[in-house]
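Structure first, then comments.
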Amino acid sequence: MSHALILLAHGSSDARWRAPFETLEHDLRARLETPAVIAYMELSEPSLETRVAELYDQGHRRLDILPLFFAAGRHLRQDVPAQLEALREQYPQAALTLLDPVGQHPAFVEALAGIVTSRVEASLER
């Protein structure tokens with residue numbers, strides 16, 4: 004079964020907000036053998052529905068959705084699961100899996116702590 008990864012961000016109508024996510028998508032494509040694409044929950048395209056349709060049409064049947072969120076709030080507990088249920092009905096041959104948000108990964112917490120520490124130390128040096 005062909006596998007792909009959807010990186011799910013919240014979304015914004017501001018192109019400047021989307022730029023870091025597009026950079027991440029580009030950088031991951033160079034690092035991963037598995038196709039990785041960005042999708043947005045709202046306010047931006049491509050949407051989750053658009054990406055699932057594109058990847059399904061390309062022959063991918065196992066799609067993991069990795070939320071680029073710090074924590075699982077209402078969107079990840081209610082909105083995204085509802086979207087995925089509708090998509091499962093539309094694409095019954097696809098295995099759609101919602102992964103834990105990146106903010107729950109120990110490496111993310113460690114990286115974020117390192118960034119915060121370096122910013123505080125730089126601020127004290129000024």
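In this text, residue positions in the sequence shown follow this note's numbering: the first is 4, and each later residue adds one.
Where a beta carbon is used, it is the ideal one built from N, C-alpha and C, also for glycine.
Stretch-stretch touch, CB-based, cutoff 8 Å, three pairs: the stretch 21-28 with the stretch 78-89
no
Could you check which residue in His-29, Gly-117 and Leu-101 has the C-alpha nearest to that of Leu-11?
One-based indexing of the sequence shown puts residue 11 at position 8. Ranking His-29, Gly-117 and Leu-101 by Cα distance to Leu-11 puts Leu-101 first.
Which residues mark the beginning and the end of the alpha helix (DSSP H) in which Asp-60 is found?
Numbered from its first residue, the sequence shown carries residue 60 at position 57. Start and end: 51-60.
In chain order, which alpha helix (DSSP H) runs of at least 4 residues are fully inside the stretch 44-117?
51-60 and 83-93
According to DSSP, is His-13 helix, strand or coil?
Numbered from 1 along the sequence shown, position 10 holds the residue referred to as residue 13. In the structure shown, His-13 sits in coil (DSSP, three-state: anything other than H, G, I, E or B).
Is it buried or exposed, Gln-86, if we count other Cβ atoms within 10 angstroms and call 16 or more buried?
As a working note, residue 86 is residue 83 in the sequence shown. When all chains shown are included, Gln-86 counts as buried.
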